[in-house]
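A.B. asks:
Numbering (this note's numbering), first residue to last: -14 to 128.
1) Within this structure, are the beta carbons of residue 130 and residue 60 separated by less than 8 Å?
2) Report yes if the CB atom of residue 83 is closer than 8 Å to the CB atom of residue 73, and no otherwise.
3) Taking 7 Å as the line, does the beta carbon of residue 21 fall inside it for any heavy atom of the ligand FAD?
4) With DSSP run on the structure shown, which of helix, strand or coil describes residue 97?
5) Keeping to the same chain, check which residues put their C-beta closer than 7 Å to that of residue 101; ignore five residues upstream and five downstream.
6) In angstroms with no decimal places, state the Cα-to-Cα distance between residue 52 and residue 92.
7) When the Cα of residue 38 is compared with those of 88, 95, 45 and 46, which residue comes out closest?
8) In three-state DSSP terms, what is residue 79?
9) Hey, residue 56 and residue 85 are a contact pair by Cβ (cut 8 Å); roughly how many whole angstroms apart?
10) Under three-state DSSP, which class holds residue -7?
11) What would DSSP say about residue 42, mapped onto helix, strand or coil?
12) Consult DSSP for residue 125 and reduce its assignment to one of helix, strand or coil.
13) For the beta strand (DSSP E) containing residue 58, list its first residue and its last residue.
The following block contains the structure:
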């Protein structure tokens, strides 16, 4: 093995190492990613079997948000600047669902309170203006 090959191997190995407590870099991107709701405030959100999951996607070309809020499809606009994130004109269809309307209302209220965002690995945290995490999402990939 020549010196160049040995150095490339060492660099590759060092790049694969992580130190405990080291900040992980995001592997998912804020925009153009399917984000599934996992926690609303500190409460886990489970998707009942056979039901659609609460989720959204931010379209980087149109700056529009689309998704599903528990009973209805939702849509709106967003603006992102570095770690700041603002949703506006959020709305959706108006079907009534027996067991999900309260959760859906909380989801819509959450979007109106978002001020910042942070991604760690495959997890997106939406944060309010006081710095409190108000929702946690995980990225999902379409097959």
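Just so you know, even glycine gets a beta-carbon here, dropped at the ideal spot from N, CA and C.
C.D. replies: Answer, in terms of the structure:
1) Beyond the ends of the chain as shown, which are -14 and 128, falls residue 130; an answer cannot be given.
2) As a first step, residue 83 is located in the chain shown; it is residue number 98 there, counting from the start. As a first step, residue 73 is located in the chain shown; it is residue number 88 there, counting from the start. No. Outside cutoff.
3) No copy of the ligand FAD occurs in the structure displayed, which carries no ligand at all.
4) By 1-based counting over the chain shown, the position of residue 97 is 112. Looking at residue 97 - three-state DSSP - the assignment turns out to be helix.
5) Translated into the one-based positions of the chain shown, residue 101 becomes position 116. Excluding sequence neighbours, residue 101 sits near 68, 69, 70 and 112.
6) Counting from one through the chain shown, the residue named residue 52 turns up at place 67. Counting from one through the chain shown, the residue named residue 92 turns up at place 107. Distance between the alpha carbons of residue 52 and residue 92 is about 11 Å.
7) If you number the chain shown from 1, residue 38 lands on position 53. Looking at the Cα atoms, 88 is the closest of the given residues.
8) As a first step, residue 79 must be located in the chain shown, where it is residue number 94. DSSP places residue 79 in coil when its eight states are reduced to three.
9) Translated into positions along the chain shown, residue 56 becomes position 71. Translated into positions along the chain shown, residue 85 becomes position 100. Confirmed, about 5 Å.
10) Your numbering for residue -7 matches position 8 in the chain shown. Caution is warranted here: a pLDDT of 41 is assigned to residue -7, below 50, making its placement in the model unreliable, and the coordinate value is therefore given only provisionally. If DSSP states are grouped into helix, strand and coil, residue -7 belongs with the helices.
11) Position 57 of the chain shown, counted from the first residue, corresponds to residue 42. Looking at residue 42 - three-state DSSP - the assignment turns out to be strand.
12) In the chain shown, counting from the first residue as 1, residue 125 sits at position 140. Strand.
13) On the chain shown, position 73 is the one that residue 58 refers to. Looking at the DSSP string, the run of the beta strand (DSSP E) that includes residue 58 is 58 to 66.
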